[in-house]
Amino acid sequence: MPELPEVEVTRRSFADRITGATIREARLGKPLRWPLQCAPQSLAGMRVRGVRRRGKYLLMDLSGGLLLVHLGMSGSVMFYHQLPPAGVHDHFDLETDLGTLRLHDPRRFGAVVFALSEADPVARKLLGHLGVEPLDGGFEPTAFLAGLRLRKAAIKQVLLAGELVVGVGNIYASEALFLAGIRPTTPAHRISKPRAARLHAAVIDVLSRAVEKGGSTLRDFSNANGEGGYFQLEAMVYGRAGAPCRVCASTVRTIKQGQRSTFFCPVCQKR
DNA sequence: AAAAGCCCCTGGATGC
DNA sequence: TGCATCCAGGGGCTTT
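Read in order, the letters of the first sequence correspond to residues 0 to 270 in numbering that gives the first Met the number 0.
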């Protein structure tokens, strides 16, 4: 579910309320993608200094380290003052004096990992290879173009890989390529400079508009207050196979790339 | 070394 | 109603 917009919306929905809290207890449910890397009880007494985001990771700065939270495909987080009983898909609770942060994740592709700092090998393994943040001003068209020139894979795959720019997942890759008028199968190194510039702008545009709309709620995504997003209503191609293109009325097509669905308009995205 | 495939897991939708 | 099949927002690891 969660790509950059959903993770950022999630972060904003609870960061202020948990910052300054003291952890009372951490509880684990069924195993997530990776082990926590510390005893849950060792988190007790630590203060939450703030919540940042890096790519699709939430980074909770603690007085004694760093908690990396990833929502995987089906994860979401809720922040409770009155904690309901844990459901079968609730797999992590961070109980503090200001409320409890609970991770709900049916498929358990998500993870909560403790590291001493970002320099900790545990953190570096997960964050070290990530590309630049698209919405932080450090995402430059020139560097983006240079990165594309080095890769022969399909542009959709290059966007998803997150090594040039982070946070673009399956929905927003299709959307950004539509906005830029680029065919998802085009080898990255074949994209001209002006077209790369359009794609660069499209990535920023689609991600920032999605954040404004609260992200995309396809099945069950919600922020920490249980509120869904609305960007799915504005999707130009994602999930619209067989429907008319919103620009030219041609039939939107779907193909598989790396066992994931890609959506595009064969007329608006000729190459 | 880049690129392509393979998994991890559960549940909802669809088809027979 | 029951059962099989396919599909889903991610991404690390292994194999080419």
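Note that CB positions come from ideal geometry on N, CA and C, so glycine has one too.
In this structure, what does DSSP give as the bridge partners for residue i?
i	result
Ile181	Ile181 pairs with nothing; no bridge assigned.
Tyr79	Thr99
Thr250	Pro243
Arg26	Asp92
Leu217	For Leu217, which the question treats as bridged, DSSP gives no partner whatsoever.
Asp60	Gly49, Leu65
Ala38	BP columns for Ala38 are empty, so no partner.
Ala153	Pro186
Give me the Cβ distance between residue i and residue j, rounded to the nearest whole Å; I'm assuming they're in contact under 8 Å.
i	j	result
Leu65	Leu58	6 Å
Pro243	Thr250	7 Å
Val157	Leu35	With a Cβ gap of about 32 Å, Val157 and Leu35 do not count as contacting.
Tyr79	Thr99	5 Å
Gly74	Pro1	7 Å
His88	His103	5 Å
Looking only at its own chain, which residues have a Cβ that is under 7 Å from the Cβ of residue i, when we skip the five neighbours before and after it?
i	result
Pro39	Ala25, Arg26, Leu27
Arg16	Phe78, Leu97, Gly98
Leu129	Arg53, Gly54, Gly161, Val165
Gly225	Met77
Leu177	Before going further, note that residue 177 is Phe rather than Leu in the sequence given. Met235, Val236, Phe263, Cys264, Cys267, Gln268.
Ordered along the chain, which non-local residues of its own chain (more than five positions away) have a Cβ less than 6 Å from that of residue i?
i	result
Arg107	Leu31
Glu5	Gly214, Phe220
Gly49	Thr18, Asp60
Arg259	Asn169
Indicate the three-state DSSP secondary structure (helix, strand or coil) for residue i in the structure shown.
i	result
Ala145	helix
Gln268	coil
Leu31	coil
Lys55	coil
His128	coil
His188	helix
Leu93	strand
Ser173	helix
Ser260	strand
Ala196	helix
Arg123	helix
Val236	coil
Val111	strand
Thr21	strand
Val164	strand
Is any heavy atom in the ligand FMN found nearer than 7 Å to the beta carbon of residue i?
i	result
Gly64	Within the structure as shown, the ligand FMN is missing, as the structure has no ligands at all.
Who are the near neighbours of residue i in its chain, counting only those whose CB is closer than 8 Å to its CB and skipping five residues on each side?
i	result
Ala195	Pro140, Phe143, Leu144, Leu147
Phe138	Val131, Glu132, Val164, His199, Val202, Ile203
Met45	Thr21, Ile22, Leu61, Ser62, Gly63, Gly64
Val167	Glu2, Leu3, Pro133, Leu158, Leu159, Gly161, Ala175, Val202, Leu206
Ser116	Gly64, Leu65, Ala122
Leu126	Arg53, Gly54, Tyr56, Leu67, Glu117
Ala153	Pro183, Thr184, Thr185, Pro186, Ala187, Gln256
Arg271	Outside the displayed span of the chain (0 to 270) sits residue 271, for which this structure offers no information.
Arg208	Phe230, Glu233
Can residue i and residue j be called in contact, C-beta distance under 8 Å?
i	j	result
Ser173	Val246	no
Thr9	Lys155	no
Gln256	Pro183	yes
Lys212	Gly228	yes
Tyr171	Val205	yes
Gln268	Gly180	yes
Phe13	Ala223	yes
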